[in-house]
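Below: the structure, in structure tokens.
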Amino acid sequence: MTERFIDFENQVCLITGAGSPRGIGFQTGRILGGLGAKTVLTATTDRIYERAGELKAMGVEAKGYVADLMDRAQTEALIKNITEDFGTIHVLVNNAGMTQVGETEDFSDFNTVTYESWDRTINRNLTLTFNVTKQVLPIMEKNNYGRIVNVSSVTGPLVSNPGEAAYSAAKAGVIGMSRSLAIEAGRHNITVNSVLPGWIATASQTESEFQGGLNTPLRRSADPEEVANAIVFLVSGKASYITGAELVVDGGNTIQEYKGDSRFYY
Numbered sequence: 256m257t258e259r260f261i262d263f264e265n266q267v268c269l270i271t272g273a274g275s276p277r278g279i280g281f282q283t284g285r286i287l288g289g290l291g292a293k294t295v296l297t298a299t300t301d302r303i304y305e306r307a308g309e310l311k312a313m314g315v316e317a318k319g320y321v322a323d324l325m326d327r328a329q330t331e332a333l334i335k336n337i338t339e340d341f342g343t344i345h346v347l348v349n350n351a352g353m354t355q356v357g358e359t360e361d362f363s364d365f366n367t368v369t370y371e372s373w374d375r376t377i378n379r380n381l382t383l384t385f386n387v388t389k390q391v392l393p394i395m396e397k398n399n400y401g402r403i404v405n406v407s408s409v410t411g412p413l414v415s416n417p418g419e420a421a422y423s424a425a426k427a428g429v430i431g432m433s434r435s436l437a438i439e440a441g442r443h444n445i446t447v448n449s450v451l452p453g454w455i456a457t458a459s460q461t462e463s464e465f466q467g468g469l470n471t472p473l474r475r476s477a478d479p480e481e482v483a484n485a486i487v488f489l490v491s492g493k494a495s496y497i498t499g500a501e502l503v504v505d506g507g508n509t510i511q512e513y514k515g516d517s518r519f520y521y
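Here this note's numbering is used: position 156 in the sequence shown is 411, and no number is missing along the way.
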């Protein structure tokens, strides 16, 4: 009998921001569940129960929780509830960020962005990741085992766009936080890595983002599952000596100098 290359039997895996059926978070949970994980999903709306139901229909032990992870009291209560239900947490995928359901992104330029918008974007894309990790880390230290992947972005650490100063700052901050934590947590057999997606064909992808994907070397945006595959490898036992690293999943977009219409260059 052929053994699985990657196996998550008896591991409790928490994935935040998993409410969208076409999102990176849910696709990560689906793959982990198929590899034997007990899959824990969170989102800000009750559609997370539908995602958990889909996994259960596949035979996965799964449960969904609603929580606003920018709220520290809710985050603390969430982790407490998860550990009461599952006993522990072995894997954390910090995928929540971008925007919440019912809200629109603010692309105001630096001169006109409000203080409130700046703070909200930093909280959603950086502080939220800190809030969850802060609660989960002591559990992993107690186990002397843990795998953390923080979903950052190429936007901020490598490139940027007009009107995205706050988002870029937050996602670059995720990288810096991850590196520091990787150094601190390594003694407890905990790895901390970051995945940096580029153009991704999620349900919320805009026309301009779609066009951006067409101008990558691979001439398309990524399927969310392709990003999820990278995440799953990094939280697996096969990535046991990789920590503090950044894995770019962008179809080669950031390695090319010219990013305009391919008719005029490539």
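We put the CB at the ideal spot given by N, CA and C, even for glycine.
Where the beta strand (DSSP E) through P452 begins and ends
Mapped onto the sequence shown, residue 452 falls at position 197. From DSSP, the beta strand (DSSP E) with P452 extends over 445-452.
Is V429 helix, strand or coil by DSSP?
Numbered from 1 along the sequence shown, position 174 holds the residue referred to as residue 429. V429: helix per DSSP, three-state reduction.
What are the partner residues of L381, as DSSP defines its beta bridges?
Here residue 381 refers to the residue found at position 126 of the sequence shown. Answer by DSSP bridge pairing: none, since L381 is not bridged.
Would you grab the beta carbon distance between V387 and T330 for me? Rounded to a whole angstrom, and I think it's under 8 angstroms.
Translated into positions along the sequence shown, residue 387 becomes position 132. Translated into positions along the sequence shown, residue 330 becomes position 75. 6 angstroms between Cβ atoms; contact.
Please list, in chain order, all residues of the same chain as E316 whose beta carbon is under 6 angstroms from its beta carbon, the five residues on each side excluded.
Position 61 of the sequence shown, counted from the first residue, corresponds to residue 316. So the qualifying residues of the chain are K293.
Short Cβ contact (8 angstroms threshold) for D326 with T299
Position 71 of the sequence shown, counting from 1, holds the residue named residue 326. Position 44 of the sequence shown, counting from 1, holds the residue named residue 299. Going by C-beta atoms, D326 is not nearer than 8 angstroms to T299.
Are the beta-carbon atoms belonging to N350 and N399 less than 8 angstroms from one another?
By 1-based counting over the sequence shown, the position of residue 350 is 95. By 1-based counting over the sequence shown, the position of residue 399 is 144. In this structure, N399 does not lie closer than 8 angstroms to N350 by Cβ.
DSSP has T410 in a bridge; who is on the other side?
Walking along the sequence shown from the start, residue 410 turns up at place 155. T410 is bridged to V414.
Tell me whether I246 sits in a helix, a strand or coil according to DSSP, three-state version.
No statement about residue 246 is possible, as the shown extent of the chain runs from 256 to 521 and does not include it.
Between A273 and F281, is the Cβ-Cβ spacing less than 8 angstroms?
Taking the first residue of the sequence shown as 1, we reach residue 273 at position 18. Taking the first residue of the sequence shown as 1, we reach residue 281 at position 26. In this structure, F281 lies closer than 8 angstroms to A273 by Cβ.
On a Cα-Cα basis, can you pick out the residue from A424, E501, N378, W373 that is closest to V482?
On the sequence shown, residue 482 is found 227 positions in, with the first residue counted as 1. Residue E501 is the option with its Cα nearest to V482.
Helix, strand or coil for I438 per DSSP?
For the purposes of this step, residue 438 is taken as the residue at position 183 of the sequence shown. Three-state result, I438: helix.
Could you check if P412 is buried or exposed, using at least 16 other CB atoms within 10 Å of its CB as the buried criterion?
Stepping through the sequence shown from its first residue, residue 412 is reached at position 157. When all chains shown are included, P412 counts as buried.
Out of V346, L473, A485, which has the shortest C-alpha to C-alpha gap to P393?
As a working note, residue 393 is residue 138 in the sequence shown. Checking every option, the nearest Cα to that of P393 belongs to V346.
Could you tell me whether the segment 465-476 touches the segment 446-455, where touching means 3 or more Cβ pairs closer than 8 angstroms?
yes
Quick one: what does DSSP say L392 is sitting in, helix, strand or coil?
Here residue 392 refers to the residue found at position 137 when the sequence shown is read from its first residue. Three-state result, L392: helix.
Classification of Y422 by the beta-carbon crowding that lies within 10 angstroms, buried from 16 upward:
Position 167 of the sequence shown, counted from the first residue, corresponds to residue 422. Classification for Y422: buried.
With the cut-off set at 8 angstroms, would you say L522 and V487 are in Cβ contact?
Examination of residue 522 is not possible in this model, given that the chain is present from 256 through 521 alone.
Excluding the 5 residues flanking D516 on each side, which residues of the same chain have their C-beta closer than 8 angstroms to its C-beta?
Counted from its first residue, the sequence shown places residue 516 at position 261. Taken in chain order, the residues that qualify are N470.
What three-state label does DSSP hand R518 in the structure shown?
Translated into positions along the sequence shown, residue 518 becomes position 263. Helix at R518.
Buried or exposed for N366, going by 16 or more other Cβ atoms inside 10 Å?
As a working mapping, residue 366 is identified with position 111 in the sequence shown. Answer is exposed; the Cβ neighbour count stays below 16.
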